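A short write-up of the structure that comes next.
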Amino acid sequence: MASYSTNEFKGGLKIMLDGDPCSIIENEFVKPGKGQAFNRVKIRNLKTGRVLEKTFKSGESVEGADVHETDMQYLYNDGEFWYFMDPESFEQVSADSAAVSESAKWLKEQDLCMVTLWNGTPIIVEPPKFVVLSVTDTDPGLKGDTSGSGGKPATLETGAVVRVPLFVQIGESIKVDTRSGEYVSRAKDD
Amino acid sequence: MSQLDQWRPSASLGMMRRRAELLREIREFFWQAGVLEVETPVCSRFATTDPAIDSFKTRYTGPQAPQGRPLYLQTSPEFPMKRLLCADSGPIYQICKVFREGELGDRHNPEFTLLEWYRPGFDHLKLMGEVAELVNRLSDEPLAVERLSYGEAFQQTLNVDPHSATVEQLREAAIDHRLPGIEDLVLDRDGWLNLLLSHLIEPSLGQQKMTFLYDYPASQAALAKVRGDAPAVAERFELYISGIEIANGFHELDDSQEQRRRFEKDNDQRREEGRTSVPMDSWLLQALAEGLPPCAGVALGIDRLMMVLTGRDNIRDVISFDFNRA
Chain A
132 MASYSTNEFK GGLKIMLDGD PCSIIENEFV KPGKGQAFNR VKIRNLKTGR
182 VLEKTFKSGE SVEGADVHET DMQYLYNDGE FWYFMDPESF EQVSADSAAV
232 SESAKWLKEQ DLCMVTLWNG TPIIVEPPKF VVLSVTDTDP GLKGDTSGSG
282 GKPATLETGA VVRVPLFVQI GESIKVDTRS GEYVSRAKDD
Chain W
548 MSQLDQWRPS ASLGMMRRRA ELLREIREFF WQAGVLEVET PVCSRFATTD
598 PAIDSFKTRY TGPQAPQGRP LYLQTSPEFP MKRLLCADSG PIYQICKVFR
648 EGELGDRHNP EFTLLEWYRP GFDHLKLMGE VAELVNRLSD EPLAVERLSY
698 GEAFQQTLNV DPHSATVEQL REAAIDHRLP GIEDLVLDRD GWLNLLLSHL
748 IEPSLGQQKM TFLYDYPASQ AALAKVRGDA PAVAERFELY ISGIEIANGF
798 HELDDSQEQR RRFEKDNDQR REEGRTSVPM DSWLLQALAE GLPPCAGVAL
848 GIDRLMMVLT GRDNIRDVIS FDFNRA
């Protein structure tokens, strides 16, 4: 993997730090009038998600991280790993629970997810922004209430629990925004 | 900024008017003080040897140089202005563009504007007074003036003596003050001092006032006289406003031999770091040997001053076309 000098630092650049792949968030050039210049960098550790700061001497080089993002189709979960497939090459990869993390509750078979690969192994899995999931459990709503005010919890086929309007019933499919975890609408059956 | 917008100026028209007014007031100030405005070459066959500053290099080819001659863009007009002083110019000032390779950030643009002036008969402490007077002439609200020695600043903020602390003590001070992400840094003594100054001390300097930091470690003398106190200090100062370095001044070194030693030491350091040495200004050395009148000089960044006077935190807001539009 190539190495990058501090002059190449910019938001989004993927570098290795203490053995972990990281992404640069912010890069600030700090230089005293007549002295050594520094780059003060804010970095996200892509494995842990933690944001940290690091100070480099300007002109230093760091190893790049072989990290890229790609759309992959979610196949299934065998209890330990979640399996994804590249829709063009049909290559399959398995992601562990650390990579899938909170996204697990939105993963529906066949959906296209954004998978971040480090040396070919998934380290981050992002679900689609919107998913359509069927309701497996919810209290029967009040008859005649169609205003959607109030709401009630509903359990979805993937195990996620979201607040839905009272008129939503078991067996119906709904559209959910995975970023906020909020109900968007009833999904129209094709 | 989209590709389509890059032809537009980065500063507002109001800012450019303010800048023009500031330049007019500076010229008025020096006219009244009897300081002569001068111009000196931007391109020179010599470069600054300062290991922390890199010059842009260009080339002239034509009459008198059929094979081409390397030229360096000035990083400050200091050397030719000192040659003028040695030629009995009396007090002089200059407003000019200077160029520094590799410096770009919120407070840095590779080309920027310096106001530089020299006062025969002044030392650095007296010149600090004139800098304060000028800045208060240019500022809407007069600012209080604080004078803080480099040693006092380190004692107050970090409780270490910058003149005597070891590399390990300076490193510990940085760790004790939770400077993030420095565990792997390998720096020399001045490197740690610069890190502590720029990361922990500077941000608090010059808040609602002007802070002059003076009497620097002898190892950071640059072109200043060193006073043989215990510890020896460089008769150098910097001005800070709103945590930003605005000016750097010296009680000027007038010893030709010592100047040559510093140039050679700088070039040695450049070679040790695997960089190329640069031609030292032999005409400055000759002029110093003739005799520089005892004097103090200061370089003040016009763009940085504009930033603090107008409350901007990015240099692009105060220059017509920043690096990305040049």
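For the record, the sequence lines run as chains A and W.
Here the first sequence stands for residues 132 to 321, numbered as in the working numbering.
Here the second sequence stands for residues 548 to 873, numbered as in the working numbering.
Ideal Cβ placement from N, Cα and C applies to all residues, glycine included.
Just so you know, these numbers come straight off a predicted model, no measurement behind them.
Minimum Cβ-Cβ distance from residue i to chain W less than 8 Å
{"i": "T252(A)", "result": "no"}
{"i": "K185(A)", "result": "yes"}
{"i": "E159(A)", "result": "yes"}
Listed by chain order, chain A residues near residue i by CB distance under 7 Å
{"i": "N741(W)", "result": "P163, G166, Q167"}
{"i": "P610(W)", "result": "Here the premise fails: no neighbours, minimum Cβ distance about 37 Å."}
{"i": "I729(W)", "result": "T186"}
Three-state secondary structure assigned by DSSP to residue i
{"i": "L743(W)", "result": "helix"}
{"i": "A318(A)", "result": "coil"}
{"i": "F810(W)", "result": "helix"}
{"i": "Q241(A)", "result": "coil"}
{"i": "W578(W)", "result": "helix"}
{"i": "K756(W)", "result": "strand"}
{"i": "W830(W)", "result": "helix"}
{"i": "A230(A)", "result": "helix"}
{"i": "M675(W)", "result": "helix"}
{"i": "R684(W)", "result": "helix"}
{"i": "E288(A)", "result": "coil"}
{"i": "V529(W)", "result": "Outside the displayed range of chain W (548 to 873) lies residue 529(W), so it cannot be described from this structure."}
{"i": "R654(W)", "result": "coil"}
{"i": "M132(A)", "result": "coil"}
{"i": "N170(A)", "result": "strand"}
{"i": "S751(W)", "result": "helix"}
{"i": "D802(W)", "result": "coil"}
{"i": "E785(W)", "result": "strand"}
{"i": "R181(A)", "result": "coil"}
{"i": "Q300(A)", "result": "coil"}
{"i": "T704(W)", "result": "helix"}
Within chain A, the residues that residue i reaches when beta carbons sit closer than 9 Å
{"i": "N795(W)", "result": "G164, K165"}
{"i": "L734(W)", "result": "Q167, K188"}
Minimum C-alpha distance to residue i - residue among the options
{"i": "H655(W)", "options": "N158(A), K162(A), E139(A), S311(A)", "result": "K162(A)"}
{"i": "L672(W)", "options": "A567(W), I849(W), E782(W), P826(W)", "result": "E782(W)"}
{"i": "G190(A)", "options": "F140(A), I174(A), V256(A)", "result": "F140(A)"}
{"i": "E800(W)", "options": "N741(W), L770(W), N861(W)", "result": "Glu is not the amino acid found at residue 800(W); the sequence shown has Leu there. The shortest C-alpha separation from L800(W) is found at L770(W)."}
{"i": "H601(W)", "options": "R807(W), F593(W), W830(W)", "result": "As written in the sequence, residue 601(W) is Asp, which differs from the His given in the question. The shortest Cα separation from D601(W) among R807(W), F593(W), W830(W) belongs to F593(W)."}
{"i": "V182(A)", "options": "T201(A), W237(A), P152(A)", "result": "P152(A)"}
{"i": "F797(W)", "options": "T713(W), R818(W), A846(W)", "result": "A846(W)"}
{"i": "F221(A)", "options": "F212(A), V315(A), D202(A)", "result": "D202(A)"}
{"i": "Q806(W)", "options": "V692(W), Q553(W), A834(W)", "result": "A834(W)"}
{"i": "Y640(W)", "options": "R574(W), R694(W), R647(W)", "result": "R574(W)"}
{"i": "E584(W)", "options": "Q553(W), L705(W), L632(W)", "result": "L632(W)"}
{"i": "Y787(W)", "options": "A679(W), Q816(W), R822(W)", "result": "A679(W)"}
{"i": "K185(A)", "options": "N814(W), D687(W), I722(W)", "result": "I722(W)"}
{"i": "W664(W)", "options": "I729(W), E586(W), S745(W), G561(W)", "result": "E586(W)"}
{"i": "E792(W)", "options": "Y761(W), E820(W), L618(W), V773(W)", "result": "Y761(W)"}
{"i": "V105(A)", "options": "S225(A), V293(A), K283(A)", "result": "Nothing can be reported for residue 105(A), as the shown portion of chain A is limited to 132 through 321."}
{"i": "V855(W)", "options": "L569(W), L560(W), P657(W)", "result": "L569(W)"}
{"i": "A843(W)", "options": "T660(W), P638(W), A558(W)", "result": "P638(W)"}
{"i": "P750(W)", "options": "S559(W), A700(W), K644(W), T857(W)", "result": "A700(W)"}
Neighbour flag for residue i against chain A, beta carbons, 8 Å
{"i": "Q621(W)", "result": "no"}
{"i": "A769(W)", "result": "yes"}
{"i": "L744(W)", "result": "yes"}
{"i": "I791(W)", "result": "no"}
{"i": "H798(W)", "result": "no"}
{"i": "L852(W)", "result": "no"}
{"i": "A599(W)", "result": "yes"}
{"i": "E785(W)", "result": "yes"}
{"i": "H655(W)", "result": "yes"}
{"i": "E680(W)", "result": "no"}
{"i": "D737(W)", "result": "yes"}
{"i": "E650(W)", "result": "yes"}
Closer than 7 Å: residue i CB and nearest the ligand COA heavy atom
{"i": "E680(W)", "result": "The ligand COA is absent from the structure shown, which contains no ligands of any kind."}
Partner residues on chain A for residue i, Cβ-Cβ distance less than 8 Å
{"i": "L726(W)", "result": "T186"}
Members of the region 698–709 of chain W near chain A, C-beta cut-off 9 Å: none
Residues in the region 170–197 of chain A having any Cβ partner in chain W nearer than 7 Å: L183, E184, K185, T186, K188
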